[in-house]
Each structure stands twice: as structure tokens, then as C-alpha cells.
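Take a look at the structure below.
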Amino acid sequence: MRAGILQRSAALTASESVPSSDAASFDPVSLTTPTYSIADLQALFSQVQALSSSASNSALSVTPGISSEWFLDSACCNHMTDNPHLASAHTPPVLPTITTADGSAMTVSHVGSISTPNLSISDVFCVPKLHLNLLSVGQLTELGLNLFFSSRGCLVQDSRTGQIVGSARKVGRLFELTSLHFPSSSVSAPVIAASASIELWHSRLCHVSLPRIQTLVSRGLLGSVSSSPFDCMPCQLGKQPALPFNNSESIASATFDLIHSDVWGPSPVPTTQYSKAIKVFRSDNAREYRQTDFSTILKHYGTIFHTSCAGTSQQNGRAERKLRHILDTVRALTNAASTPASFWGEAALIAVYTINRCPSPVIQNTTPYEAVVWHSSKLQSTQGNSDSQADPLPNLFPEIPSPSAESVNPISDESPPADPSSDESPTADPTFDESPLSAPTANPVNTTAPEPRRSHRQAMKEELDALLKTGTWDLVDLSAGKSAIGCKWVYKIKTRSDGTVDRYKARLVAKGFTQEYDIDYEETFALMDVKNAFLNGELTEEVYMQVPPGFSQPLGFSPKVCRLRRALYGLKQAPRAWFAKFSSTISQHGFSASSYDSALFFRRSDHGITLLLLYVDDMIITGDDVQGIQDLKRFLGQHFEMKDLGHLSYFLGLEVSSSSNGYYLTQAKYTSDLISRAGITDSKIIDTPIEYNNRLNTHDREPLPDATLYRQLVGSLVYLTVTRLDISYAVHIVSQFMAAPRSLHYAAVLRILRYLKGTLFHGLHFSSQSSLTLQAYSDADWAGDPTDRRSTTGYCFLLGDSLISWRSKKQSVVARSSTEAEYRALADTTAELLWLRWLLQDLGIDCSTAVPIHCDNRSAIQIAHNDVFHERTKHIEIDCHFVRHHLLQGTLQLRSVSSQDQLADIFTKPMPPGRFRDLISKLKLVSVHPT
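Below, the structure written as C-alpha cells:
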């Protein structure tokens, strides 16, 4: 650390012919500029003090007999005085050494503060040999103060408030302080550091070792630190060492000459090269380094690749040791904060950031950051502005018990609050922006990147070939009065049910959001998802598009645009055009569309029935006509580009498996991805998706600052209810708060995910021995919503003993009695029954007999059989007529069932664990373990 008086100019000289009238009469041009010892400087300063004694301000005196003047010094890195009577004095663990311009050294005895009517400063070094009072200009600027020097003196201004807080007068070529007071709200990080304990800095610096803290103190980067013995339990838990290996003898001579590398987990982190060439890359012999692509890159840049022998990690000791250093720090951080392991990424980020800014004895106690960018980094910049009076943070994980109820190591201390009215914010450190949290996800959507990965480039070529083959566009001149819409590439990685990569996909997507109604398109009936529409639909409108990126135009001609002849992904009319094309084509093969499900096509023959279910460009073909299925595949292959994916196992996130007992339908991979997205892979599991007798409302707890993640999770849970009937009621509840969710609602969503974590492989079982008899259960929970007292309808349908349809829904009006609520549920169940009967008939299943509906409310059943309307039923007359009509037609029959045997009870209210397990067992929700 360099401190004290450095490179002082020739304002004062050693000439003995100094005039006695005024120090300002010195002529520095005519004199020499020798180097002075501290004794010479003290004598010269005494002369200046004598010359200006008539104007000196005795109000700044602290103790009689001690020098009272304070001089501003830009070459002094810390405030210094010879006054031993400092307030709040303490001795740092390592005493800084003050080095003067001639190389002589002075020691600091202790650190404290000065407080008088005209002067108030802290973090002052007491240097007994100094005999002068010096104020560091640099230290003042770190406190947020601006100093304005002129020929008349100096003014000290608070940069936050603009208030003048101090002044100094010009004495010769020196500036003597006359007053200085800090506002209570104008205290920055160095002031906090002045009173911080070594235990506090140990926690702030990610549990760094004590010698490194002492090095930082000696370099003046932490101010003063009070020393007291302490034990750090997180360090003891997170940094348990193993026996060491032998040291490596290879030493790099320059930055980036030799790289030591190892991999811990799949965690890609983008980094910069700092304009340096990597000469040697050393790693273990792991498989991830022996990939052809990686070796090709090293050869391309002329980097020598060193690998260790197999099974000898000690030959790659430096990388292994640095991984241990980082992970030990991460464990210490997570142990100290009692956070779940899902936050290891954030802990690793701050651990690496801090380690790179702490001195390392390997590089002569400089920091890795300095070794790369050639300048030091202030540790105070990581603290930011904070208010010591702020409320304590709430428990971020209310349902996850901490290992200990008491705080082991507090990481905050009492300090003056920062100015809340300040408009200034600390400048972002560019290295902090290189965050692993901003790394691209598995499905890159940033299509502005100039170089997509090699696998996607191949997919782009295949996509362009397909577009040209189908004649999607013609290159033409843009017609007058027309505009060309833009386009972009969208990339995706399609995975299998086990998470492995199936193929890389690249889609050229038109920017259909720029289309204008009645110009580029007419009315759209979007039956499919826009993002995945086929290219076979023919356009009737005149649509122009800019030439796609990567497509070369003919040379020697004016720039062309694409006149679209076929529907392109992203166009608003593309889904309708594709569906119209497919419907007309499949009808040529004798197929008919179902009147009750537009995506279902069927054909009957003497050999049986063939069924086709379409979802955009994915389809399922089934039936009992084996020859008809083969004929259909050949027909589709003649008209479209088809890919036979073989036996049905994975479809739109649904995993299908079969055995001699029947079929099993699960969404295990989809569920696992959802749990990972929520970051609760290490949370405890729970028995039920919603707490028994728990009623959520709209006013408890605080609102979520950002509801995006809540809405994403709930939307994903809605799709998960396709196979997970056990979460239908819970998802129905949390989906009611999408507009303004609160922390209580988010906790309920996390509870659902924790339940799913423990039942990951639960799914539906469709028995091969099941009959084709349809039956239903209908139930309602009267006035169960505490907010508006509306009731909840629940029903389920079973084909034999296999569950095929269910629902949990809030009723649209307030029911005046439990009978009314039950009857409205019967009406909804009847409507679903009619649709299922018609759909089953299209599938070739006979449903001519009356379907039994089980209801546990006798009054509702009696109303349905009673021809006379009473005062209490006339307001539900439409529902009464609807149910009674189909009852008389023989479509349904109502059966009374006890509440204990009511299977639809699970869709209307929270259940205790025992009752909950009993109902999902009866509804054939089973565990399908992976094989």
C-alpha cells in the first residue's frame, strides 16, 4: 500500500533566503526541486504555519499542544494525524505502513475519528511520527464529496444533495481546512467499512480466508477492520478438506499462456478472451473434452491440448483445486443463508465474482481481476446503497424448514442510512454482466445471432430446401402500394421422453404481426398453433415477404422480394390454410371429419375402422383395420413430406406405454421440467397438492412484484391436468388469481409442485379388460369460495373402470342452497355426457342405453323427477328443463350414491391425505415407474 506524501511539487523549497513577508512570494521557477525527508517537510510546514499564524483557526484544535491545522492532500490515501486522542479508536488486525516519497516508513498506531464543532471525520489513521494533520482528497471523494479548488480556496460539496459541507482557504500553495461536516444521510460504503468487524467482512467476502482479508486491509481496500476471534460454522461445514496431492511444478510465464480446466456439471458460462491467445489448454481425459468439435476449435486457434492420464485427477490438480475452492465457498454461502441447493447458481456467481477480486498469494497478493484487466476493483461497489432502518427480509421459503432456528453469522451491522433521494446509482461492473444466469437456454430464440450452432445451420439448409421444393415463394419486384413483411429464423431442440436430443429444428417464420387486415389477410379461423403450421396451405391473398437471411439473390438484378404462394409459419392465415389443405386431401381417401371434434378423422370399412387425430403437423393413426392403416400411411406419403415415428410413445408431452394390462398415460418429463423451472428440485415432498380446509382469498399477504413466473407455472399446470386428475381442484383454485397473484397464492403453486415431485410417475391406466360402459359422477361444493361464495362443480366420466373425462369448475352464479348447487352441477354433467356419447358413436362405440349419473344429493334427484316447478326451483328452470328432458329421453338416469362413494368429491374441495389417496386409487391413477 502506498500512502503518505507522494511526489510533492516544488511549492516549498530548501532555499535559506526565504522572505519573511509572505510565502506566496516564492519563485519556484528559479529554485530546484530536490527530494525531501520527512524532517525537512515538517520544518517547511512549520514555516508555513508561522507565516499564517495570524489567520489560523483555533476552533479546529482537538487537544492543546497538538497541531490544529488540517491540510488537504491529494497524494495521501487516508486521513492522518499525530493526535493520539481519537474517538472510537481501535487497532486493526494488521497495522498499515505509511511510505513517504523518500522511501522511509511510518507505522499506524490505531484508527479512530475526529469530532469538533467545526470538523467531523472518521477512519483517521493515527501516525505518531507525522506531526501534521492531513486530509486525503481521494478518501473524501469516495465518501461522495466533490472538491472545487480555486485561487481563493476550496469548497467541499455533497454530490447527493448539492449542499456545501466544508471549505478550505489557500495558504501559499497549500489548502488549509476551515470546516467540514458530513450530513447524516451522506455516508457511503467506506464509512461502513470503518466500523466493520473482521467477522462481518469474512461473511461479505464469501467466507474468504483471514490472511486475504488482512492483505486487503493493508492495501487500504477495506478501510479499518476490528479484530476479534470467532468461529465460522458454515466454513467448517462447507470446507472439509481431503488429503492433498503432490504439487504441480509447471508455472505459466504470462496471462493465458497455460489454461487449467475441468468441468463440474453441465453449466455453460460465456466468457471473453481479453484479446489474449490461449497457448496451452490442459484438462483431464474426460469425455466432454475429447469431442471432435472441441479438438477442431483448439487446432484452429493453434492451442496445444494437454490431457492427464485416465483416472489420475491429481495431474490436473490446479483445476481440481480451484473447483474445490469455488464449491467450498458456495457451500459456506448456502449454509450461512440456509437456502436450498437450487440457489447454487447465484451462490456460485457471487463466489467467483468475489474470489476474482480477492488477493491471491500465487500471483504476489494481487487479484485475478487485476492480472487480467490491469487495474484494481473496489470491493465497496458490491455493497450498493442500503438503509439500515429497513425492515428485515421475510423468510423466502416459508414451507422449507431451516437447519437452525438461530442466526449463525449476521451479515449486517448498524450504519447510517444512504440518501434515499439520490438519483445516482453505482456504475455497473462490466464483468458482472458476464453472468451464467444470462446464458442461452436449451431452445435458442435469439435469431439475430450471426452464427447459429452447426446443427442448426444444417437444419436451416434443410428448411430452405423444403421451402424451395414446395414453391413457397417467387422472387419478384415489389408491387406499387404494397409492403413486404419481415421474417426471421427460429431455432428449437426437440427432445425425446427421456430428455435426449431427437433433432435440431430451424423454422423460417414470417413476421405476421405486421400484416394488415383486409390487405394481407382476411378473417382467420385458427384451428392450429401458428408456430407449427405446415407449408402446404395455399394462399389466396397477395402477400410479399423480405428475402430471408442466408438466402442469396441473383447477381446483376435489382433487389427482389418473395411473393408468397403458400402459407408460411407466422402468417395469420397459415393455420387455416394448412387445415383446409389437409381436410380436402384426407377426404379424397374416404375419411370424414367428426362433427364433435374437428381434429378427428375416421373411415369405416368392412375390415373395421381407421382413426386419425391431428394436432398441427403431428398426428396419431389407430384403429382395428390394420390394412387400412398401412394404406393411409402410403396415401399421406404421396401427398406430404411424412416421417414415420414408429410405435406411439411420446406425443405432445404425453408419455404412452403399454403392457398386457393395458395402456399407461403419464407426463413425467413435462412434470420434471416444470419442477426444474420453478427451482424446487431439492424441496421436500408433500402428501396432498392443497392443504386441507385451506381457502385462498384475494387480500391475504403481499402482492407479487412480478406475476410472470406465477402465470407461467399455473398455465403449465393446467396442461398437466390432462393426465393428473389429482391436481385438478388445486389448479382450478390457483388459476383464479392470475390477474393479481399474491405470495400466498405462489406458495400454493409451490405446494402443488412439491406434491408432483413426490408423484412424478403417476398417470392414468386404461385397462385392456375394461368394458365400454359409460358412467358418470356429479358433485358440488356449496358456497365454498370465501370471496364471492360461489360453488364449485365437479364431475368425472368412466368408460368401464377407466377415467376418460373430468372437470373442476367454479359455477357462474351464486347458488342459494346446496340443492341448487348440486343441480347446476348435474346440468353441466349432462352437457358433457351428450358430447361424449356423440363422440363415442363416431369412434364406433354403441351408447344407446341410458348413462347412469351418480349424485349424493337426494333433493336434486327428486327435482329432476318432479314435473311441477316450485318457488325454490323456478330461477333454475332452464337447467331443470334441460336435465329433465334428457332424463325422459332415456339419455341418462340418476342414481343416488353415498358421500363416501362419491368419486367426484375430489374435484370440489380439499381432502385430508387418507381420503385423497382412497379417491385417486378408485379413479385408477397409478404409479408407472420407468423401465
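Residue numbers (the numbering used here): 86 to 1016.
Backbone N, C-alpha and C define an ideal beta-carbon position, used for all residues, glycine too.
Worksheet entry | Classification of H847 by the beta-carbon crowding that lies within 10 angstroms, buried from 16 upward | buried
Discussion item. Give me the DSSP bridge partner(s) of K894.
Written reply: T878
Discussion item. Quick check: what's the CA-CA separation for L924 versus D682?
Written reply: 8 Å
Worksheet item: Does the count of Cβ pairs from the segment 774 to 784 and the segment 884 to 892 closer than 8 Å reach three?
Response: no
Worksheet item: If you check the beta carbons only, do C940 and L1004 fall under 8 Å apart?
Response: no
Discussion item. I need the boundaries of the alpha helix (DSSP H) containing C965, first residue and last residue.
Written reply: E962 to L973
Worksheet item: How about A910 and A865: are their beta carbons less than 8 Å apart?
Response: Cβ atoms of A910 and A865: closer than 8 Å.
Discussion item. Using 8 Å as the threshold, is the C-beta distance between A763 and L845 below it?
Written reply: In this structure, L845 does not lie closer than 8 Å to A763 by Cβ.
Worksheet item: At a cut of 8 Å, does the segment 751 to 766 reach the segment 852 to 864 through at least three beta carbon pairs?
Response: no
Fill in: Reference R688; option with closest CA among D703, I671, T976 and M704
When the alpha-carbon of R688 is set against those of D703, I671, T976 and M704, the nearest one is in I671.
Worksheet entry | Assigned secondary structure, Q860 (DSSP; H/G/I helix, E/B strand, else coil) | strand
Fill in: Top-ranked residue by Cα proximity to G693, from I930, V803, A678 and V819
I930
Worksheet item: Can you tell which of G323, V1013 and A815 has the C-alpha that lies nearest to the C-alpha of G747?
Response: If we check each option's Cα against that of G747, V1013 comes out closest.
Worksheet item: Rounded to a whole number of angstroms, what is the C-alpha to C-alpha distance between E632 and T793?
Response: This sequence places Val at residue 632; Glu is not what is there. Cα to Cα, V632 sits roughly 35 Å from T793.
Worksheet entry | R874 versus V899, S294, D369 and T419, residue with shortest Cα-Cα distance | V899
Item to complete: Would you identify the three-state DSSP class for W920, choosing helix, strand or coil?
Response: helix
Discussion item. Rounded to whole angstroms, what is the Cα-Cα separation between T246 and F156?
Written reply: 25 Å
Practice prompt. Rounded to whole angstroms, what's the CA-CA distance from G160 to V193? Just pull it up for me.
Written response: Note that residue 160 corresponds to Ala in the displayed sequence, not to Gly. Between A160 and V193, the C-alpha separation is close to 17 Å.
Discussion item. Assuming G713 and S690 are in contact, meaning their beta carbons sit under 8 Å apart, how far apart are those beta carbons, in whole angstroms?
Written reply: Confirmed, about 6 Å.
Worksheet entry | N- and C-terminal bounds of the beta strand (DSSP E) containing D208 | First-last of the beta strand (DSSP E) with D208: L204 to C211.
Item to complete: Assign I206 to buried or exposed, taking buried as 16 or more other Cβ atoms, counted over all protein chains shown, within 10 Å of its Cβ.
Response: buried
Discussion item. Distance check for V819 and K666, CA to CA, integer angstroms please.
Written reply: 40 Å
Item to complete: With a cut-off of 8 Å on the beta carbons, I'd call S43 and T766 a contact; round off their distance for me.
Response: What is shown of the chain runs 86 to 1016, which leaves residue 43 out entirely.
Worksheet item: Does the segment 620 to 631 touch the segment 560 to 579, meaning 3 or more C-beta pairs lie closer than 8 Å?
Response: yes
Worksheet item: Any idea what DSSP makes of F846, helix, strand or coil?
Response: coil
Item to complete: Determine the closest residue to V250 out of D702, W891, L230 and H287, with distance taken between C-alpha atoms.
Response: Of D702, W891, L230 and H287, the residue nearest in Cα terms is L230.
Worksheet item: Rounded to a whole number of angstroms, what is the C-alpha to C-alpha distance between R403 and L259?
Response: 53 Å
Discussion item. If the criterion is Cβ atoms closer than 8 Å, does the pair L849 and K1009 meet it?
Written reply: yes
Item to complete: With distances taken Cα to Cα, identify the nearest neighbour of T451 among Y589, S303 and N782.
Response: S303
Item to complete: Let me know if P826 comes out buried or exposed under the rule of 16 or more other beta-carbons within 10 Å of its beta-carbon.
Response: By the neighbour-count definition (other C-beta atoms within 10 Å, threshold 16), P826 is a buried residue.
Worksheet item: Helix or strand or just coil, what does DSSP make of N218?
Response: strand
Practice prompt. Please classify Y795: does DSSP put it in a helix, a strand, or coil?
Written response: Correct three-state label for Y795: helix.
Fill in: Presumed contact (8 Å Cβ cut-off) between S981 and R943, rounded CB distance
That pair is a contact at about 6 Å.
Worksheet item: So, is I963 buried or exposed, given that buried needs 16 or more other C-beta atoms within 10 angstroms?
Response: exposed
Fill in: Counterpart residues of M165 in DSSP-defined beta bridges
According to DSSP, which records beta bridges pairwise, M165 is partnered with F210 and L219.
Item to complete: To the nearest angstrom, report how far apart T226 and Y438 are at their CA atoms.
Response: 25 Å
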